[in-house]
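Participant:
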Amino acid sequence: MSCDIGVKKPDRKIYEICVEKLGVQPGECLYVGDGGSHELEAAQDCGMIPLQATWYLKDGVDQPCGKMEQFNQATNPMDILGGI
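So the sequence shown is residues 1 to 84, counted in the numbering used here.
See below:
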């Protein structure tokens with residue numbers, strides 16, 4: 001999608017476009033991401049509910065970012081269904 005509209009995370013415009021296309025309010029959106037490129041902060045700044053996906057993090061393996069304690073964590077993909 002970002003290549004189609006010419007903006008990418010963490011540009012605020014991409015989050016606004018998503019909300020508009022979905023026809024929902026930002027507070028109704030649960031944004032799930034690994035936290036790289038400041039995507040969680042940007043989603044939160046737009047009014048979305050950020051959730052950091054951490055189930056893939058492995059000790060001793062370099063990751064785009066580690067656990068970010070300021071956000072709720074999804075340690076299992078099924079956590080998302082509960083809308084943590």
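Note that beta-carbon positions come from the ideal geometry of N, C-alpha and C, so glycine has one too.
1) First and last residue of the alpha helix (DSSP H) that includes residue 19?
2) Taking its Cβ as the centre, do 16 or more other Cβ atoms sit within 10 Å of residue 3, making it buried, or is it exposed?
3) Buried or exposed: where does residue 5 fall if 16 or more other Cβ atoms within 10 Å of its Cβ makes it buried?
4) So, at 8 Å on beta carbons, what are the nonlocal neighbours of residue 42 in its own chain, with the 5 sequence-adjacent residues on each side left out?
5) In whole angstroms, what separates the C-alpha of residue 29 from that of residue 69?
6) Can you tell me the Cβ-Cβ gap for residue 74 and residue 40, rounded? I've got them flagged as a contact below 8 Å.
7) Note down the Cα distance separating residue 54 from residue 48, rounded to an integer number of angstroms.
8) Quick check: the Cα distance between residue 44 and residue 24, rounded to an integer number of angstroms?
Facilitator: Let's see:
1) 12 to 22
2) exposed
3) exposed
4) 9, 10, 11, 12 and 15
5) 20 Å
6) 12 Å between Cβ atoms; not a contact.
7) 19 Å
8) 15 Å
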